[in-house]
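So the protein lines, in turn, are chains Y and C.
Going by the working numbering, 383 is the number at position 223 of the first sequence; the sequence numbering is gapless.
Going by the working numbering, 54 is the number at position 3 of the second sequence; the sequence numbering is gapless.
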Amino acid sequence: MTWDIAAILATDGLANGAVYLLAGLGLVLVFSVTRVVFVPFGDVAAFAALSLAAFEAGRTPPTIGLVATLAALAAATEVASLARRGETKRIARAVLLWGVLPLVPCALAWLAARPGVPAPLHVASAVLLVVPIAPLVARVVFQPISDASVLVLLIVALALHFLLSGLGLLFFGPEGSRTQPLAGGTLALGGGVTVSGQVVLMVLAALVLSALFFLFFERTVAGKALRATAVNRVGARLVGIRPARTALLAYGAASLLAGLIGVLIAPVTTMYYDSGFIIGLKAFVAAIVGGLTSYPGTAIGALAVGLVESFASFWSGAMKDAIVFSLLIPVLLLRSFALPHGDEAEEEIDT
Amino acid sequence: MKLTRRAALVAAAASLALPAAAVAADLKVGVNVALSGPNSSLGIPYSKGMQAALAYKGEIAGRKIQLILLDDASDPAAAARNARKLVDEDKVDVLMGSSGVPSSVAIAQVAKETKTPMIGLSPIAIDGADNNWVVTVAQPTQLMVDAVVDRMKANGVKTVAYIGFSDSWGDLVYDALMKAAPSRGIKVVSNERYARSDQSVTGQVLKIVALHPDAVMTGGSGTPGALPFLALAERGFKGGVYGQHGLINPDFIRVAGASGQGALMPTGPVIVAEQLPDNYPTKKIALDFRREFQKVNGAPTTDAFSAYSFDAWMVFADAAERALKKGAEPGTPAFRQALRDAIMSTKEVVGTHGVYNFKDGNIYGVDQRARVIVKLDNGAWKLAQ
């Protein structure tokens, strides 16, 4: 291996690491607030990428139908639960919030699919279109069982992933797509090594979004409410924070991250209806490095996964994924030795 | 209850009338492909090709042909169930299918058990000596890869690097390459692999570029097969990039874009039927097929798959005509035996993909007339001279 090959592999690894970083942030955010390992995260990213590809092919993205169906389901769930509790006055507001609000990005996407719309609007509406998916799914599936054990939630999340990727196959078909690069041009690093504009954009996006996340959690009331819920749900309720509302916020933020990941990677890799899963899985490895709670730990883990993956593909292409996933073994060993062993029992949570 | 009684009466009347009227039984073709599930992108063109074939030749020696088409949802277990249903309930004379190799193997098993002839539409991983009820119209991989390696030799290639799927398709192409290359004085310098779901092959391609091979052979299929083309173009690889027939697919062209420019790969001649010389044996029927397909489905063909269906139909029509002369009635075991014998003695039947000659012990029946080398030029396949 020569220096320039190592440099190319390192930039490739950094670009992948940036994607895993964003996905890892989303996973940690959802897990710490709701205790759900949100397996369908990658599917949402794939939907964003395929929606953008549909826009570029001059078609109306089928995601619109998915979001509209989910909105109808979520509105029905909310109305039924309100009616059961006899709070009929709040039904109109619930329908507006769950049934009508998610249709706004659908309407935007429908308009953006008209001919002659500039490309940046396509990107924006593809991201906005997937933002309602995670909150709506969570309202229908996770909110009714929010007190279940982590294992039950994980299995439900896994089932949800299979459901969403099945729908992805139905809507987008089995073949993959690529989209136009968001940033053209190349950056010369010297020594004959160049970096494409898209890779620079991916790394910059990861840095900026991580910084925004930091500011959000440190400086805003909503961010502090999320942190409080993550630390102690009962305590958060006692000081007037609603877990259901913070969970909604967490899912919304995760969905937005997934959408951004989707449009960032679609130009550099071929996206299929089921490509999201493997991205989510590698981000999960990164999140494990951070113990599923630490954001800096996740960031380090994500960069490590990206770099290991890139160099592993050079040494042994067929064994690449096995090498990445076997990273988990030393990490888990170290964590179990280094950290005091917590109680395996579930913490009691009442809502 | 009433209905059942009436049905019984009708049946009784029919059985009484039958010897007097001597109504000739229809020929029945049972087709199973994947119309849903991950394999449906191949199964749907296969089924459209069948409809075109039925419209093209719907009668043999005065007997109508019935087409019964079932969907296996890309599941080999469902394919086997469908095949049994076709044989037991519908009493078909011949089985055709499926769109994927695993499902085809499952149907071949049923064909052997029930002693029903089968004409496969894809390569089938079985031994012809072990199962002599089955043939297939697809080209064997070795035949296709031999053509690619011949082309490499003609282009002065001395060293070739290989990058393919880390699954049985990647193995199949690699083994064929290893068999063909040394005898033509070409050295295979690498065996890089990637998974269908991988996002990038940068690492593998860097390794290949560092070896400075004269050419690269790829062993992928469909849209994931475009990945090495994209990565090699990004690294500015100047040598030739060769593919195989798994890449002849409009979605591959869409994803590979400009990076596929100039790539050479083998395919059945039907893909470039218009560009074939007039004396090419399959040209006329390939153009007939194109016209019939357009008429039946209201859209032109863009793939190789629908043409395999058409060829299977041609092989069946030729064999059925000869089998009928033996005197057995369609729908009986005796006719199925006669049909099998007729298929196994198929001589010079011209299809869209090639000229077919089947004999006992070998499921493949095509020769070098079933392959041409095409070049991807500005998003379209051009016959390479």
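Glycine included, each C-beta is placed from N, C-alpha and C at the ideal position.
This one's a predicted model, so the numbers in the text were calculated from it and none came from an experiment.
Using a Cβ cut-off of 8 Å (strictly closer), state whether residue i contacts chain Y.
| i | result |
| --- | --- |
| L427/C | no |
| P313/C | Note on identity: in this sequence residue 313/C is Gly, with Pro being the wrong assignment. Not an interface residue. |
| K376/C | no |
| Y245/C | yes |
| S66/C | In this prediction, S66/C scores a pLDDT of 48, lower than 50, which makes its location untrustworthy; the coordinate-derived value is nonetheless stated afterwards. Answer no: the Cβ-Cβ gap between S66/C and chain Y never drops below 8 Å. |
| T403/C | no |
| P96/C | no |
| S154/C | no |
| G294/C | no |
| T274/C | yes |
By the criterion of Cβ-Cβ separation under 8 Å, what are the contact partners of residue i in chain Y?
| i | result |
| --- | --- |
| S149/C | Here the premise fails: no neighbours, minimum Cβ distance about 16 Å. |
| S92/C | G333, P334, E335 |
| P89/C | L329, P334 |
Do residue j and residue i count as a contact pair if the criterion is CB distance below 8 Å?
| i | j | result |
| --- | --- | --- |
| L441/Y | L409/Y | no |
| V428/Y | V445/Y | no |
| T339/Y | L226/Y | no |
| P191/C | Y415/C | yes |
| S150/C | L172/C | yes |
| F201/Y | A396/Y | no |
| A157/C | A131/C | yes |
| F215/Y | A286/Y | yes |
| T4/C | I299/C | The question about residue 4/C has no answer here: the residues shown for chain C are numbered 52 through 436. |
| A269/Y | I421/Y | no |
| S473/Y | Q255/C | yes |
| A85/C | D122/C | yes |
| K108/C | N348/C | no |
| V188/C | Y407/C | yes |
| A424/Y | A388/Y | First, the amino acid is wrong: residue 424/Y is Leu here, not Ala. Taking 8 Å as the Cβ cut-off, L424/Y and A388/Y do not qualify as a contacting pair. |
| A324/C | R341/C | yes |
| G412/C | A176/C | no |
So is residue i in contact with chain C if we call contact Cβ pairs under 8 Å?
| i | result |
| --- | --- |
| T429/Y | yes |
| F215/Y | no |
| I438/Y | yes |
| D203/Y | no |
| L329/Y | yes |
| I509/Y | Summary for I509/Y: the model assigns pLDDT 49, below 50, so the residue's position carries little reliability; its value from the coordinates is reported in the next sentence. It does not; no Cβ of chain C falls within 8 Å. |
| A478/Y | yes |
| L154/Y | Outside the modelled stretch of chain Y, which goes from 161 to 511, sits residue 154/Y, for which no answer is possible. |
| I483/Y | no |
| D307/Y | no |
| A178/Y | no |
| I293/Y | no |
Going along chain C, which residues have a C-beta under 7 Å from residue i?
| i | result |
| --- | --- |
| R338/Y | V306 |
| I165/Y | L257, A261 |
Whose Cβ in chain C lies nearer than 9 Å to the Cβ of residue i?
| i | result |
| --- | --- |
| S128/Y | Because residue 128/Y is not part of the residues shown, which for chain Y are 161 to 511, the question remains open. |
| F474/Y | T253, G254, Q255, L257, K258 |
| S470/Y | S251, T253, G254 |
| S486/Y | Going along chain C, no residue has its Cβ under 9 Å from S486/Y, so there is no contact; the nearest lies around 16 Å. |
| L169/Y | T253, G254, L257 |
| S435/Y | S248, Q250 |
Under 9 Å Cβ-Cβ, which residues of chain Y neighbour residue i?
| i | result |
| --- | --- |
| L278/C | T429, T430 |
With residue i and residue j assumed to form a contact (beta carbons below 8 Å), what rounded beta-carbon distance in angstroms separates them?
| i | j | result |
| --- | --- | --- |
| V401/C | T333/C | 6 Å |
| M362/Y | V179/Y | 6 Å |
| T269/C | G207/C | Not really, about 20 Å apart at Cβ, beyond 8 Å. |
| K79/C | G378/C | Wrong, their Cβ atoms sit about 18 Å apart, outside the cutoff. |
| V196/C | A231/C | 6 Å |
| K454/C | W184/C | Outside the shown range of chain C, which is 52 to 436, sits residue 454/C, and nothing can be said about it. |
| L347/Y | V360/Y | 6 Å |
| H321/Y | D172/Y | The pair is not a contact, with the Cβ atoms about 27 Å apart (cut-off 8 Å). |
| S92/C | G333/Y | 7 Å |
Among the options, which has the Cα closest to the Cα of residue i?
| i | options | result |
| --- | --- | --- |
| V145/C | R422/C, G109/C, R387/C | R387/C |
| M169/C | S217/C, A371/C, A435/C, G405/C | A371/C |
| S192/Y | D434/Y, N392/Y, F437/Y | N392/Y |
| Y359/C | R202/C, A198/C, F344/C | F344/C |
| A234/Y | P262/Y, L492/Y, T248/Y, V188/Y | P262/Y |
| I448/Y | R495/Y, G477/Y, T406/Y, L210/Y | R495/Y |
| A319/Y | T389/Y, V301/Y, A390/Y, L467/Y | V301/Y |
| P403/Y | G419/Y, K384/Y, D481/Y | K384/Y |
| I439/Y | R405/Y, D481/Y, P341/Y, S370/Y | D481/Y |
When every heavy atom of the ligand GTP is checked, does at least one fall within less than 7 Å of the C-beta of residue i?
| i | result |
| --- | --- |
| V283/Y | Annotation note on the ligand GTP: not contained in the displayed structure, which lists no ligands. |
Name the chain Y residues that come within less than 7 Å of residue i, Cβ to Cβ?
| i | result |
| --- | --- |
| D302/C | E335 |
| D217/C | Sequence check: residue 217/C is Ser here, not Asp. Near S217/C (Cβ distances below 7 Å), the residues of chain Y are A478. |
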